[in-house]
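Residues in the sequence shown are numbered from 0 upward in steps of one, following numbering that gives the first Met the number 0. From the three backbone atoms N, C-alpha and C, an ideal C-beta is built for every residue, glycine too. Read through the structure below, which is laid out as structure tokens, and then see the notes.
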Amino acid sequence: MGRSQSFARGHDPRRGSERGGDPRFGPDADDSGSPILHVDMDAFFASVEVRRRPELRGRPVVVGGVGPRGVVSSASYEARRYGVRSAMPTMRARALCPHAVYLPPDFGQYTAASRAVMQIFRDVTPLVEPLSLDEAFLDVAGARRLFGSPAEIARRIRGRVSAEQELICSVGVAPSKFVAKLGSTRAKPDGLLVVPAGRVLEFLHPLPVSALWGVGERSAETLRRLGLNTVGDLAEAPYGMLRKAVGEAAASHLHELAWGRDPRTVSPEHVEKSIGAEVTFDADVADPMEIRRALLALSEKVGARLRHAGQVGRTVSLKVRLADFRTVNRSRTLGVPTDVAREIFDTAWALYTILDPGERVRLVGVRVEGLAGATATPRQLTLGAPERGWREAEVAADAAAARFGRSVIGPASLLGKRDPRRGENPTRP
Numbered sequence: 000m001g002r003s004q005s006f007a008r009g010h011d012p013r014r015g016s017e018r019g020g021d022p023r024f025g026p027d028a029d030d031s032g033s034p035i036l037h038v039d040m041d042a043f044f045a046s047v048e049v050r051r052r053p054e055l056r057g058r059p060v061v062v063g064g065v066g067p068r069g070v071v072s073s074a075s076y077e078a079r080r081y082g083v084r085s086a087m088p089t090m091r092a093r094a095l096c097p098h099a100v101y102l103p104p105d106f107g108q109y110t111a112a113s114r115a116v117m118q119i120f121r122d123v124t125p126l127v128e129p130l131s132l133d134e135a136f137l138d139v140a141g142a143r144r145l146f147g148s149p150a151e152i153a154r155r156i157r158g159r160v161s162a163e164q165e166l167i168c169s170v171g172v173a174p175s176k177f178v179a180k181l182g183s184t185r186a187k188p189d190g191l192l193v194v195p196a197g198r199v200l201e202f203l204h205p206l207p208v209s210a211l212w213g214v215g216e217r218s219a220e221t222l223r224r225l226g227l228n229t230v231g232d233l234a235e236a237p238y239g240m241l242r243k244a245v246g247e248a249a250a251s252h253l254h255e256l257a258w259g260r261d262p263r264t265v266s267p268e269h270v271e272k273s274i275g276a277e278v279t280f281d282a283d284v285a286d287p288m289e290i291r292r293a294l295l296a297l298s299e300k301v302g303a304r305l306r307h308a309g310q311v312g313r314t315v316s317l318k319v320r321l322a323d324f325r326t327v328n329r330s331r332t333l334g335v336p337t338d339v340a341r342e343i344f345d346t347a348w349a350l351y352t353i354l355d356p357g358e359r360v361r362l363v364g365v366r367v368e369g370l371a372g373a374t375a376t377p378r379q380l381t382l383g384a385p386e387r388g389w390r391e392a393e394v395a396a397d398a399a400a401a402r403f404g405r406s407v408i409g410p411a412s413l414l415g416k417r418d419p420r421r422g423e424n425p426t427r428p
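This is how it looks when you write it as structure tokens:
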């Protein structure tokens, strides 16, 4: 059976709750002018962990850094009842919910789950724009004839994600990307909300001004001091007052959104500008070998992500945050683009030894920039280098990690008995 047929048959389209509260924006509202879907997985990392460990179902689960400086990446809804939220320090989460299960993130598992979910989306339409591992925009205007109305498509997507992946998602259906994203947020958890094209302002204007993209805590406070508490207040505010408060660019952006104007289309060709990873140490570090090991692990993570994305990069950047919170960045552009962890690591370590901060380090990060498609950027073999080497070994490690888990592949093989300051192996000529 082909994918289109499989999707058309689908699962129970009413599976899961379909919150909307106000019937004007419920799952059965008029969706004829609302072809944009925003699908957002609910508590994604935590939900994947519960799927792997069914005994955790119904218990509070928190995923993130488990050390004293860790940060929450995802919290199950059972944990959220205690006030635990993403981006919260793990120590604070433990104080709020000490009986929760705290787990370190496993991005290999989350990436695999994300691929499966995104494929469900692409079974509906090629116009899928992933924003991250756990959310995406879809334009389903061209899928109506085959799969039904946008709301019906949203129901079927939710049914398939639940039945095939044992995960839940919330969907906003709207005329534009901005409004669809607001819809999915208000449908959470496990819900569906439709914003009819003729009722966008009815939906938008009662919302708090902080609902607008680009309004953070500081700008929200600035707007509230002007008496602009809701999106409707901002829409009706004199433009000159708004411009004086937040500047020309922000004023124009917020004014357009407040009137529901968002002309952006769903763009499936989302190209990453860079790929990186960083780690905050549980305690400030002065030992060069510990920093070296951290840079190695980060380089392996970045290399694996590059290869998975089919990308290579030309510039390697190093980020070092010192104990006093000063942050230093250094970069080096390579002669040939790479996706090889060994080459990324060698460059990052060279940058660190040149930097030689001489102080305790709080955080290190590695990033590769200047990305291009790997297939369109053939690698050049260095004179005297073997035809097969580090990249082939790392590709083999990728295959082993996909089958057995990344934890079975250790980074120690790249370290050897190297001098931690020179980055050389004295046992080799």
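By a C-beta neighbour count over all protein chains shown, 10 Å radius and 16 as the cutoff for buried, is residue i buried or exposed?
i	result
Thr332	exposed
Gly198	It is Arg, not Gly, that sits at residue 198 in the sequence shown. With 16 or more other Cβ atoms within 10 Å, it is buried.
Ser266	exposed
Gly182	buried
Glu358	exposed
His98	exposed
Glu247	exposed
Thr124	buried
Ser113	buried
Glu216	exposed
Leu241	buried
Quick one: Cα of residue i to Cα of residue j, how far?
i	j	result
Pro205	Gly63	34 angstroms
Glu163	Asp189	16 angstroms
Leu203	Thr374	44 angstroms
Leu211	Glu165	32 angstroms
Ser16	Glu151	Caution applies to Ser16, whose pLDDT of 43 falls short of 50 and renders its modelled position unreliable; the model cannot decide the point.
Gln118	Ser251	37 angstroms
Leu285	Gly239	Just to set this straight, residue 285 is Ala in the shown sequence, not Leu. Distance between the alpha carbons of Ala285 and Gly239: 53 angstroms.
Met90	Gly226	36 angstroms
Val116	Ser218	35 angstroms
Cys168	Asp39	6 angstroms
Ala371	Asp345	21 angstroms
Pro207	Pro59	29 angstroms
Asp323	Ala249	33 angstroms
Ala340	Ala308	14 angstroms
Ala439	Ala94	In the structure displayed, the chain extends from 0 to 428; residue 439 sits before or after that span and is not available.
Gly231	Arg79	30 angstroms
Between which residues of its own chain and residue i is the CB-CB distance below 8 angstroms, once the five residues before and five after are set aside?
i	result
Glu255	Asp261
Val278	Ala293, Ala296, Leu297, Leu362, Val363 and Gly364
Pro356	Val319, Leu321 and Val327
Ser330	Thr314, Val315, Ser316, Leu317, Leu350 and Glu368
Val127	Met117, Phe120, Arg121, Ala135, Phe136, Leu137, Val265 and Pro267
Leaving out five residues on either side along the sequence, give the residues of the same chain with a beta carbon under 7 angstroms from the beta carbon of residue i.
i	result
Ser85	Val71, Ser72, Ser73 and Ala74
Ala196	Gly32, Ser33 and Pro174
Phe106	none
Gly57	Glu77
Is the separation between the beta-carbon of residue i and that of residue j shorter than 8 angstroms?
i	j	result
Val170	Arg157	yes
Gly275	Val335	no
Leu233	Ala257	yes
Val47	Tyr109	yes
Gly66	Asp281	yes
Val178	Val194	yes
Ile353	Val301	no
Lys187	Asp41	yes
Run through DSSP, which three-state label would residue i get?
i	result
Met288	helix
Thr337	strand
Gly158	helix
Ser218	helix
Arg50	helix
Asp345	helix
Thr381	Annotation note: pLDDT 42 at Thr381 (below 50); position unreliable, no value reported.
Val407	Summary for Val407: the model assigns pLDDT 45, below 50, so the residue's position carries little reliability, and this model does not support an answer.
Ile119	helix
Leu166	coil
Thr229	strand
Pro149	helix
Pro22	helix
Phe136	strand
Taking 7 angstroms as the cut-off, does the CB of residue i come closer than this to any heavy atom belonging to the ligand HEM?
i	result
Glu299	Questions concerning the ligand HEM fall outside what the structure shown contains, since it holds no ligand whatsoever.
Below 6 angstroms CB to CB, which residues in the same chain sit around residue i once its five sequence neighbours on both sides are set aside?
i	result
Pro149	Asp30, Ser33, Pro34, Val139 and Val172
Pro53	none
Ala384	A caution first: Ala384 carries a pLDDT of 42, below 50, which makes its placement in the model unreliable, though a value can still be read off. Correct list: empty, nothing qualifies.
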